[in-house]
Amino acid sequence: MTIATAPAPETVRVDLPGRAYDILIGNGLLEQAASHLQPLLRRKRVAIVTETRVAAHHLQTLLEAFSVAGIAASTLILPPGEGTKDWVHFTETADWLLSEKIERGDIVVAFGGGVIGDLAGFAAAVVRRGIRFVQIPTTLLAQVDSSVGGKTGINTAMGKNLVGAFHQPSLVLADIGLLDSLPRRDLLAGYGEVVKYGLLGDAAFFDWLEQNGPALAAGDLAARSYAVRRSCEMKAGIVMRDETEQGERALLNLGHTFCHALEAATGYSHRLLHGEGVAVGCALAFELSARLGLCSQEDPSRVRAHLRAMGMKTDIADIPGDLPDANGLLRLMGQDKKVVDGTLRFILARGIGEAFVTSDVPKETVLSVLADALAER
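This is the structure we're talking about:
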């Protein structure tokens with residue numbers, strides 16, 4: 067499938083009873099933010115949580131949009147990076163919202179990537195026992211994944227996203243024009259989440275990505291719009307069927323069991339961005355699936371070939387610096403949220419687009435996959 071021109075802004079509906087909201091996808095939505103938020107406001111006031119890089123590029127545009135509409139806006143600007151998703155910055159954010167006398171009827175605007183969305187969303191979930199919030203995701207990763215579905219939270223010394231809450235946004239504004247300001251590495255990291263959707267449940271979408279991924283990375287608005295929309299459609303469908311991850315929603319964690327262990331091993335640092343870890347994790351999940359005889363060996367090869375063609379991290383060998391041995395990585399995987407009754411669940415695949423959740427994975431096979439991947443370093 068080839069898309070010639072960028073479509074007009076589109077809407078994906080997350081139709082949860084009593085908590086339904088729209089994801090708007092298009093170019094130039096930031097300038098229109100006030101008109102989209104206005105119907106949600108009980109008084110003309112918002113609290114914006116953002117970070118320094120986003121503020122430098124885009125905050126003035128958002129503030130001007132609110133000012134023209136007569137909406138008062140206060141702003142908290144946090145440091146960038148995964149390290150911000152911690153107790154210290156969560157406390158700072160919650161205290162700031164209280165000091166600003168934000169009420170339950172007000173709106174918190176999470177303006178940034180996945181870190182800001184998760185952190186600000188969690189603060190909104192618990193301050194005054196719940197304040198409405200709006201996601202304005204500025205990265206590809208946040209637009210296709212973390213801004214949708216209501217998962218909020220922070221990291222701890224024990225692992226990633228282990229403290230948080232389900233708190234659905236009232237609106238998501240995915241302005242694909244904002245992606246132009248992303249460094250290429252950050253854009254490609256987000257692409258790791260896009261690929262995940264094709265791998266877990268839509269083989270035709272993965273086919274499309276193999277053909278159109280380079281155009282998306284090069285800035286094609288039509289390709290970006292379609293990829294964001296299709297990803298959001300898939301996530302919205304799963305969230306509507308399983309909001310609190312009792313079953314099917316776990317499929318969205320394809321690659322994440324490996325990813326979260328690798329992120330913990332690298333200290334949630336710039337050595338490995340989350341989307342890069344997802345890409346490496348997806349390749350490892352397909353390798354594990356092939357070794358267990360669930361899919362053909364051609365499938366992990368095809369996954370790796372596409373990731374390499376996009377210039378992305380593909381294997382553990384692509385991660386710089388020291389890492390634990392296979393047993394050490396397996397111990398880190400044991401802290402994953404997908405542990406149930408002490409047993410680690412994996413998302414594996416019977417082929418491209420055919421992911422499933424299982425606990426029936428021999429420890430020795432996982433260790434062999436990790437050991438072989440580490441041996442290539």
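Here this note's numbering = 1-based position in the sequence shown + 66. Every residue gets a Cβ at the ideal spot worked out from N, C-alpha and C, and that includes glycine.
From residue i to residue j, what distance separates their C-alpha atoms?
i, j, result
"ARG374", "VAL192", "41 angstroms"
"THR310", "PHE232", "7 angstroms"
"GLU76", "LEU163", "32 angstroms"
"SER212", "VAL294", "12 angstroms"
"ALA139", "LEU107", "12 angstroms"
"ARG194", "SER247", "35 angstroms"
"PRO73", "ALA288", "Confidence at PRO73 is low in this model, with a pLDDT of 49, below 50, so its placement is unreliable and no value can be given for it."
"VAL427", "PHE412", "8 angstroms"
"THR157", "GLU276", "43 angstroms"
"PHE132", "ALA100", "5 angstroms"
"PHE177", "PRO203", "6 angstroms"
"THR380", "GLY394", "20 angstroms"
"ALA121", "VAL115", "10 angstroms"
"THR431", "LEU396", "11 angstroms"
"LEU128", "TYR87", "21 angstroms"
"TRP274", "LEU282", "11 angstroms"
"ALA223", "THR159", "19 angstroms"
"LEU318", "LYS262", "8 angstroms"
Apart from the five residues on each side of it in sequence, which residues of its chain come closer than 8 angstroms, Cβ to Cβ, to residue i?
i, result
"ASP268", "ARG296, MET300, GLY419"
My output table needs one value for residue i: the three-state DSSP class, helix, strand or coil.
i, result
"VAL346", "helix"
"MET67", "Because MET67 sits at a pLDDT of 43, beneath the cut-off of 50, its placement in the model cannot be relied upon, and the following sentence gives the value as read from the coordinates. MET67: coil per DSSP, three-state reduction."
"ARG170", "coil"
"GLN234", "coil"
"ILE220", "strand"
"ARG198", "strand"
"ILE114", "strand"
"SER140", "strand"
"LEU241", "The displayed chain sequence assigns Asp, not Leu, to residue 241. Residue state, collapsed to three classes: strand."
"ASP447", "The shown model of the chain, from 67 to 443, leaves out residue 447, and the question about it has no answer."
"PRO145", "coil"
"SER297", "helix"
"CYS361", "coil"
"LYS379", "coil"
"ALA351", "helix"
"THR127", "helix"
"ALA135", "coil"
"ASP391", "coil"
"TYR257", "helix"
"GLU309", "coil"
"GLN401", "coil"
"ASN278", "helix"
"ASN93", "coil"
Given residue i, which residues of its chain have a CB within under 7 angstroms of its CB, disregarding the five upstream and five downstream residues?
i, result
"ALA392", "LEU433, LEU436, ALA437, LEU440"
"THR218", "ASP184, GLY187, PHE188, ALA191, GLY230, ALA231, HIS233"
"GLU166", "ALA113, SER140"
"LEU82", "GLN234, MET306, GLU309"
"LEU400", "One point to set straight first is that residue 400 is Gly, not Leu, in the sequence displayed. Cβ neighbours of GLY400 beyond the five flanking positions: LEU410."
"GLY243", "ASN93, GLY94"
"GLN104", "ALA135"
Taking residue i and residue j to be in contact with their CB atoms under 8 angstroms, please state how far apart those CB atoms are, rounded to whole angstroms.
i, j, result
"LEU90", "LEU207", "Actually they do not touch by this definition, with Cβ atoms about 18 angstroms apart."
"THR150", "LEU144", "5 angstroms"
"SER236", "VAL181", "No, SER236 and VAL181 are not in contact; Cβ-Cβ is about 20 angstroms, not under 8 angstroms."
"ALA421", "LEU266", "4 angstroms"
"LEU398", "ALA302", "About 31 angstroms separates the two Cβ atoms, so there is no contact after all."
"LYS80", "VAL214", "Per the sequence presented here, residue 80 reads as Val, with Lys not at that position. 7 angstroms between Cβ atoms; contact."
"GLY341", "GLY256", "5 angstroms"
Under 6 angstroms Cβ to Cβ from residue i, same chain only, skipping five residues before and after it: list those, please.
i, result
"MET49", "Past the edges of the chain, shown from 67 to 443, lies residue 49, and the structure says nothing about it."
"THR409", "SER425"
"ASP172", "ARG111"
"PRO366", "PHE352, GLU353, ALA356"
"ARG416", "LEU360, CYS361"
"VAL260", "VAL210, ALA293, SER297"
"ASP241", "LEU95, LEU96"
"LEU339", "ALA255"
"PRO386", "ARG337"
May I ask you to list the residues that DSSP assigns as paired with residue i?
i, result
"ASP88", "ARG79"
"PHE412", "THR424"
"VAL229", "ILE220"
"ALA176", "VAL115, GLN201"
Using a Cβ cut-off of 9 angstroms (strictly closer), state whether residue i contacts chain C.
i, result
"SER213", "Looking for chain C here will not work: only one protein chain is present."
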